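Engineer: Anchor point for the sequence shown: position 51 equals 38 in my numbering, and the numbering is continuous, going up by one each time.
Here a beta-carbon is modelled for each residue, glycine too, at the ideal position from N, C-alpha and C.
Note that the structure is a prediction, hence the values are computed from the model and not measured.
My questions all concern the structure below.
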Amino acid sequence: MYAKDTSGGPIPQKILVVDDEAVIRDMMVDILDMEGYPVELARNGREALDILSGAGTQTSYLIFLDLMMPVLNGYEFCQELSQHPAQRQQHIVIIMSALDQLAKATNIQADQTMPKPFTVDDIMHIIQTYMS
């Protein structure tokens, strides 16, 4: 995992998993539900933006974001999110399927990156970093 500064921003109240792969979403829900964390799911960046806009500015999220998705990919999601100052308090963890995405991922507004495949311990470490 590759970390960035985690000192800024509010403590997230919810977790948002944004991934087009159902198996990843299902696995994340199983892990997070078992640990008692509130989780929401989106299949692409557009659905994620809809969830965030529906939640308003009072709810902060820890977002696990896949980069390669249809409709609106992770890069485009971050670009659109940065256009809304009220949403900039979100903490974003980029889920990468290839290390060659790392260079491109460092150019977008993300707090941390997590390569696939990842473990339950990887997820829990990130959650403990941002939600405690």
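Rounding to the nearest angstrom, what Cα-Cα distance links residue 65 and residue 77 in this structure?
Structural biologist: Cα to Cα, the separation comes out at about 10 Å.
Engineer: Output the distance between the C-alpha atoms of residue 8 and residue 58, rounded to the nearest integer angstrom.
Structural biologist: Using only the alpha carbons, I get a separation of about 13 Å.
Engineer: Looking at the unbroken beta strand (DSSP E) that takes in residue 29, where does it start and where does it end?
Structural biologist: Where residue 29 is concerned, the enclosing beta strand (DSSP E) stretches over 26 to 29.
Engineer: According to DSSP, is residue 103 part of a helix, a strand, or is it coil?
Structural biologist: Three-state DSSP puts residue 103 in coil, outside helix and strand.
Engineer: Please go through the same chain and pick out, in chain order, the residues whose beta-carbon is closer than 7 Å to the beta-carbon of residue 95, but skip the five residues on each side of it.
Structural biologist: The residues are 62, 65.
Engineer: Classify residue 53 as buried or exposed, calling it buried when 16 or more other Cβ atoms lie within 10 Å of its own Cβ.
Structural biologist: Buried, since its Cβ has 16 or more Cβ neighbours within 10 Å.
Engineer: For residue 69 and residue 104, I'd like the C-alpha separation in whole angstroms.
Structural biologist: When rounded, the distance between both Cα atoms is 28 Å.
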